Every structure is written in structure tokens, then in C-alpha cells.
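K.L.:
Numbering (the numbering used here), first residue to last: 16 to 416.
1. Helix, strand or coil: how does DSSP classify residue 119 here?
2. Which residues does DSSP pair with residue 305 in a beta bridge?
3. According to DSSP, is residue 272 part of a helix, a strand, or is it coil?
4. Could you give the residue range of the beta strand (DSSP E) that holds residue 412?
5. For residue 371, count neighbouring C-beta atoms within 10 Å of its own C-beta (all shown protein chains included) and say buried if the count is 16 or more, exposed if not.
6. Is it right to say residue 296 is buried, meaning 16 or more other beta carbons lie within 10 angstroms of its own, or is it exposed?
7. Rounding to the nearest angstrom, what Cα-Cα distance links residue 289 and residue 368 in this structure?
8. In the DSSP assignment, the alpha helix (DSSP H) including residue 418 goes from what residue to what residue?
9. Taking C-beta to C-beta, are residue 338 and residue 60 nearer than 8 Å?
10. Would residue 402 pass as a contact of residue 256 if the rule is Cβ separation under 8 Å?
11. Tell me whether residue 424 is buried or exposed, calling it buried when 16 or more other Cβ atoms sit within 10 Å of its Cβ.
12. Are there 16 or more other CB atoms within 10 angstroms of the CB of residue 16, so buried, or fewer, so exposed?
13. Once DSSP output is grouped into helix, strand and coil, what is the label at residue 32?
14. Within its chain, find whatever has a CB closer than 8 Å to the CB of residue 108; leave out the 5 residues flanking it on each side and keep chain order.
15. With DSSP collapsed to three states, give me the class of residue 347.
16. Would you kindly report the start and end of the unbroken beta strand (DSSP E) that includes residue 56?
17. Measuring CA to CA, which of 27, 143 and 282 is closest to residue 375?
18. How would you call residue 279, buried or exposed, if buried means at least 16 neighbouring beta carbons within 10 angstroms?
19. Pull up the CB-CB distance for residue 249 and residue 98, whole angstroms please, since I reckon it's below 8 Å.
20. Using CA coordinates, which residue listed in 347, 270 and 384 is at the minimum distance from residue 414?
21. Helix, strand or coil for residue 313 per DSSP?
22. Is the stretch 149-167 touching the stretch 257-277, taking contact as three or more C-beta pairs under 8 Å?
23. I need the DSSP call for residue 387, collapsed to helix, strand or coil.
24. What residue does the beta strand (DSSP E) around residue 147 start on, and which one ends it?
25. Measuring only the C-alpha atoms, how far is residue 22 from residue 36?
26. In the DSSP assignment, find the alpha helix (DSSP H) that holds residue 205 and state where it starts and stops.
27. Quick one: using the 10 Å Cβ neighbour count with 16 as the cut-off for buried, is residue 292 buried or exposed?
28. Using C-beta distances below 7 Å, list every residue in its chain close to residue 85, excluding the 5 sequence neighbours before and after it, in chain order.
29. Given this structure, state the Cα-to-Cα distance separating residue 51 from residue 304, to the nearest angstrom.
30. Please state whether DSSP places residue 337 in a helix, a strand or coil.
31. Would residue 354 be called buried (16 or more neighbouring beta carbons within 10 Å of its own) or exposed?
32. Considering only the beta carbon of each residue, do residue 391 and residue 410 sit closer than 8 Å?
33. Once the 5 residues before and after residue 172 are set aside, which same chain residues still bring their CB inside 7 Å of it?
34. Just to confirm before moving on: does the CB-CB distance between residue 243 and residue 212 stay below 8 Å?
35. Out of 188, 389, 335 and 70, which has the shortest C-alpha to C-alpha gap to residue 81?
36. Look at the Cβ atom of residue 24, then the Cβ atom of residue 49, and state whether they are nearer than 8 Å.
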């Protein structure tokens with residue numbers, strides 16, 4: 016009988032664990048998966064691609080709070096009913112109802128306002144030759160775009176950003192030590208969402224929020240009040256958290272490859288779309304996608320028993336040398352296989368059109384106005400678990416003539 020190499024063990028609960036470490040590269044070279052304290056981690060592109068589409072794997076993130084000792088409270092109750100973790104008919108019904116609000120047709124008319132916002136933020140600090148990028152561009156840009164889309168008063172952006180950042184701690188390994196603060200943020204954002212719904216019922220507007228409220232009120236009650244509130248909280252949290260952190264990760268990645276930054280700056284019409292996909296591939300905010308085995312089945316030589324948690328590592332799969340040439344580098348001229356930064360299958364990210372559009376606009380504005388981009392000392396990063404990003408990202412640059 017052929018002997019298979021033994022998979023290695025990765026301690027993904029370690030706050031110093033890094034997805035781009037030599038330890039993870041060795042694990043990927045040794046085997047298509049690794050063992051962890053929370054199930055198995057799929058490391059290869061081939062196996063991630065196959066398993067993401069496997070109907071015997073269902074959404075596995077519902078257990079995340081419980082795996083970290085959080086079994087009650089406001090975050091736990093909200094999380095169990097978010098679209099991210101729902102399955103079957105309930106998930107499909109809500110997706111079907113809300114999909115029309117997030118089509119490219121709804122987003123494209125906002126591009127000019129996205130561009131104006133990006134340039135106005137850059138204007139505030141471009142003459143300084145330096146800035147704290149996470150706080151002075153990524154956070155206000157991501158949050159104010161969310162405000163534009165939902166029709167929220169942009170003057171509320173700092174408050175909303177703080178609430179979204181706090182709820183984002185619920186996706187990290189420090190969830191238990193931060194749960195009191197996270198619960199308070201869920202309560203406050205729930206009240207805020209309820210006030211938004213009341214406002215739109217009294218005075219509908221031409222925005223995504225009004226569309227969602229009308230879905231509740233005009234379609235035979237197929238979207239309940241609680242589902243509507245839960246969805247708005249998710250949109251505010253996920254819409255801000257994803258763009259804010261992905262922009263910081265993108266700038267950090269491009270700072271290590273100035274030749275590709277200059278290529279983007281010289282011809283953004285040609286390269287902006289590819290730039291977005293490349294930074295999502297090599298440095299995604301979502302470090303893994305979680306699934307759970309709904310039944311016992313075998314994949315290759317591994318028996319995956321019912322209830323097993325399966326983490327599909329997005330960064331390691333999208334930098335797998337078996338699938339990509341020069342995989343750890345941005346190459347704006349390369350033809351790449353699809354990445355999994357937005358998940359896959361039935362749980363592919365609802366807002367991926369929005370995220371791609373606003374990251375595209377931001378990178379184009381930044382590249383065409385800044386050169387000599389460098390990350391300075393004092394950068395602070397969230398742990399490489401679940402979702403990651405920058406707490407602080409000091410950068411230096413030269414304004415383009």
C-alpha cells in the first residue's frame with residue numbers, strides 16, 4: 016500500500032501565526048492539508064477549488080463563537096442569524112430577495128462620487144509626504160462609501176467605523192476577551208439600524224437601504240423585520256471592514272513592488288481591474304473560508320467525518336506554486352486562475368461587486384497621485400486569523416508632479 020506523507024500541525028490560535036510564514040509553506044509542500052486545533056486546513060489550490068464546490072460541505076462559521084467560549088450574548092445571537100452562516104432554504108430565500116440591490120447596475124452610477132471622495136481624502140495629506148493610511152484614508156473612505164450606498168449621513172462615519180471595527184473583533188481569535196465590547200457594539204448598531212429603517216419607511220430614497228426596506232414591506236413579508244435588521248448590521252460591518260482592511264493590505268503589498276505600482280499609475284484603464292484581483296489573491300483580508308462536513312466522506316486519502324471543521328486557506332491556495340507562476344508576487348500582466356478571496360459556491364460574497372469597484376477607484380486615485388510608496392515604522396496588524404488588516408499603517412511617498 017502506498018504511503019502518504021504525514022500532514023503537519025499548524026497552531027492557528029497563536030496570535031503570532033502568519034499565513035505567509037515559512038512554516039505554512041512547508042506544510043503546503045508536505046501535504047494538501049494540515050491539522051489544526053479547529054479541524055483541518057486545506058492548503059492547496061486544487062483541493063480548495065474542489066472542496067469549495069462540494070455539496071457535502073456546508074457553511075462552517077456558525078460555530079466560531081462557541082469554539083472560543085462564547086455561547087450567549089448579543090453577538091452570538093446576531094451571528095447565528097446572519098446571512099454568512101445560514102444554510103438551505105432560509106439562506107437561498109434571503110439571497111434571492113436582496114441580490115438585486117447589489118448588482119453592478121446599482122453601483123456604477125456611484126463611481127464618480129467614489130472618485131471624488133478618494134481624491135478629497137488624498138488632498139488632506141498629500142503635501143505632507145506621509146500619512147497614517149489606515150486612519151486617514153482607508154477608514155474614512157470605506158465608511159463614507161458605505162454611507163453613500165446606504166444613504167446614511169456621512170457625518171456619522173466615525174461612529175459607524177468604530178462600531179464596525181469593534182464587531183470585527185468577533186471574527187478574530189481574541190473574541191472572548193473582547194466580547195463585552197463586541198456585544199455593546201452589536202446593541203448600538205442594532206438601534207442605529209432600526210432608526211434607519213424607520214426613516215426609510217417614512218421617507219423612501221433612491222438608495223440600497225430603501226430597496227431593502229421595500230423588499231420587506233412590498234413582497235408579502237418575505238423578509239422579516241429581524242432579518243432586515245440583521246442584514247443591515249451585516250452590510251455596515253462587512254462593507255466597512257472588508258474595504259478598509261483590504262486597502263491597507265493592498266498598499267502594503269504594492270509598496271514591496273514599486274514596478275507594479277508604477278505600471279498601474281501609467282495605465283490604470285488597463286491595469287486597475289487586474290490590480291484589485293492580484294492584491295485580493297496574494298494578500299486577502301479573509302485568511303480562510305470555513306466549512307463543515309454535513310456528512311462523512313472521503314477526499315483523496317483523508318476520511319472527513321461528519322461535523323469536521325474544514326478551513327480553506329485563501330492565501331496559501333492563491334499562492335500555490337503548483338497553480339501559479341511566481342505566486343507570491345503581483346504581476347499585472349499575468350493570466351491567473353480565480354482566487355477565493357470572496358469565498359465560493361452558494362456563499363460567494365454578496366457584496367463582491369461593491370468591494371471590487373471601490374477598491375479599484377481607490378487604488379487608481381492613489382497610484383496616479385503618489386509615487387515612492389513606502390511603509391514606515393510602527394505598522395500594527397491584526398492577527399492572521401479569520402479576517403486581518405492594519406490597526407495602523409504609516410506610509411511615506413512623493414506626490415506625483
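Where is the CB? At the ideal position from N, CA and C, for every residue including glycine.
Keep in mind the model is a prediction, meaning the values are calculated, not measured.
P.N.:
This is what the structure holds:
1. In this structure, residue 119 counts as helix in the three-state DSSP scheme.
2. Residue 305 is bridged to 326.
3. Correct three-state label for residue 272: coil.
4. Taken as a continuous stretch (DSSP letters only), the beta strand (DSSP E) holding residue 412 covers 409-414.
5. Flag for residue 371 reads buried.
6. By the neighbour-count criterion, in which a residue is buried when 16 or more other Cβ atoms sit within 10 angstroms of its Cβ, residue 296 is buried.
7. Whole-angstrom Cα-Cα distance: 14 Å.
8. In the structure as shown, the chain begins at 16 and stops at 416. Residue 418 is therefore absent and cannot be evaluated.
9. Their beta carbons are under 8 Å apart, which means residue 338 touches residue 60 by this criterion.
10. Against a cut-off of 8 Å, the Cβ pair of residue 256 and residue 402 comes out as a contact.
11. In the structure as shown, the chain starts at 16 and stops at 416, and residue 424 therefore has no counterpart that could be examined.
12. Any reading at residue 16 is ruled out, since the residue's pLDDT is 40, under 50, leaving its predicted position unreliable.
13. Residue 32 falls in the coil class under three-state DSSP.
14. Closer than 8 Å at Cβ, skipping near neighbours: 237.
15. Three-state result, residue 347: coil.
16. Unbroken beta strand (DSSP E) run through residue 56: 54-57.
17. In terms of CA proximity to residue 375, 282 leads the group 27, 143 and 282.
18. Buried, because 16 or more other Cβ atoms sit within 10 Å of the Cβ of residue 279.
19. About 6 Å; that satisfies the 8 Å criterion.
20. The shortest CA-to-CA distance from residue 414 to any of 347, 270 and 384 is the one to 384.
21. In the three-state DSSP reduction, residue 313 falls in the strand class (E or B).
22. Short answer: they touch.
23. When DSSP states are grouped into helix, strand and coil, residue 387 belongs to the strand group.
24. Annotation for residue 147: the continuous beta strand (DSSP E) segment containing it runs 145-147.
25. Here the alpha carbons of residue 36 and residue 22 stand approximately 17 Å from one another.
26. Boundaries of the alpha helix (DSSP H) harbouring residue 205: 194-217, taken from the DSSP string.
27. Counting Cβ neighbours within 10 Å, residue 292 comes out buried, since at least 16 surround it.
28. The answer, listed in chain order, is 91, 190, 191 and 194.
29. Residue 51 and residue 304 have their C-alpha atoms roughly 14 Å apart.
30. If DSSP states are grouped into helix, strand and coil, residue 337 belongs with coil.
31. Label assigned to residue 354: buried.
32. Taking a C-beta distance under 8 Å as the contact criterion, residue 391 and residue 410 qualify as a contact pair.
33. Contacts found: 155, 158, 159 and 162.
34. Against a cut-off of 8 Å, the Cβ pair of residue 212 and residue 243 comes out as a contact.
35. Distances from the CA of residue 81 to each of 188, 389, 335 and 70 were compared; the closest alpha carbon is that of 188.
36. In this structure, residue 24 sits near residue 49, with a CB-CB distance shorter than 8 Å.
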